[in-house]
Structure formats: structure tokens, C-alpha cells
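Residue numbering for the sequence shown follows the working numbering, beginning at 532 and increasing consecutively.
The structure under discussion appears below in the form of C-alpha cells.
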Amino acid sequence: MNRHTNYLECQRYMNKQVQITTRQGMYEGTIVRLDQDKVYLQVNSGNRDKNKAYTSWFFAPFIIPLVLFDLLAIVLLDGRRRPFHNERRRFFY
């Protein structure tokens with residue numbers, strides 16, 4: 532995805548829970564700000580790995596800037612289940 536496409540996708544998902552995959556890894560959080568080069572993702576403290584010690588003095592949700600050029604995928608995480616519809620079209624001759 533190019534930078535302009537990433538910008539439009541991030542604009543579409545502003546203030547929503549998303550999962551963003553970059554070249555460096557995967558991040559979950561809420562898009563809180565966007566400019567021409569970066570997307571700012573508010574990451575909740577609950578996303579930390581439970582098996583590792585958390586040694587930072589800052590426990591509240593924090594915001595990380597991600598470069599739009601490095602984004603590989605953006606997925607909306609809305610939490611609602613959608614019903615599965617398996618409709619078969621019937622053609623009559």
C-alpha cells in the first residue's frame with residue numbers, strides 16, 4: 532500500500548479500534564491523530580504481553596507514532612459479530 536492509500540484508510544478508521552501491521556510488527560489501538568507522514572495510535576496498557584515484566588514507570592495508555600510509508604495492513608476491530616449469510620441464488624429458466 533502506498534502512503535496516500537494508507538492515509539485514506541487511516542482517515543476512514545479515525546477514533547476506532549484497529550490492528551495495524553507494519554514492517555516492524557503488529558499494533559492494536561485507537562487512531563487518535565493523523566498527519567501527512569504519521570498515524571498516531573493510542574495503545575491501551577492491556578495489550579502488553581502478560582508473560583513479560585513491564586518495567587516502565589508509565590502505566591496509562593500511551594500514543595505511538597507510526598510512519599504511513601511502513602504500514603502493510605489496517606484492520607478494523609469493532610467487536611460486533613456479524614451473522615453469516617449463505618444465500619444461494621436461484622435461477623429460473
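All residues carry an ideal CB built from backbone N, CA and C; glycine is no exception.
Values in this document were obtained by computation on a predicted structure and should not be read as measured data.
Practice problem: Go ahead and pull the three-state DSSP assignment for L608. | Solution: It is coil, neither helix nor strand.
Self-check item: Cβ neighbours of V570 in the same chain (closer than 7 Å, five flanking residues each side left out)
Solution: C541, I562, L597 and L599
Practice problem: Name, in chain order, the residues that DSSP records as bridge partners for R564. | Solution: Y571
Self-check item: Own chain partners of K583 with C-beta closer than 6 Å, once the 5 adjacent residues on each side are dropped
Solution: With a pLDDT of 49 at K583, under the threshold of 50, the predicted position of this residue should be treated as unreliable, and no value is reported.
Quiz item: Ordered along the chain, which non-local residues of its own chain (more than five positions away) have a Cβ less than 6 Å from that of V474?
Solution: Residue 474 is absent from the model: the chain starts at 532 and stops at 624.
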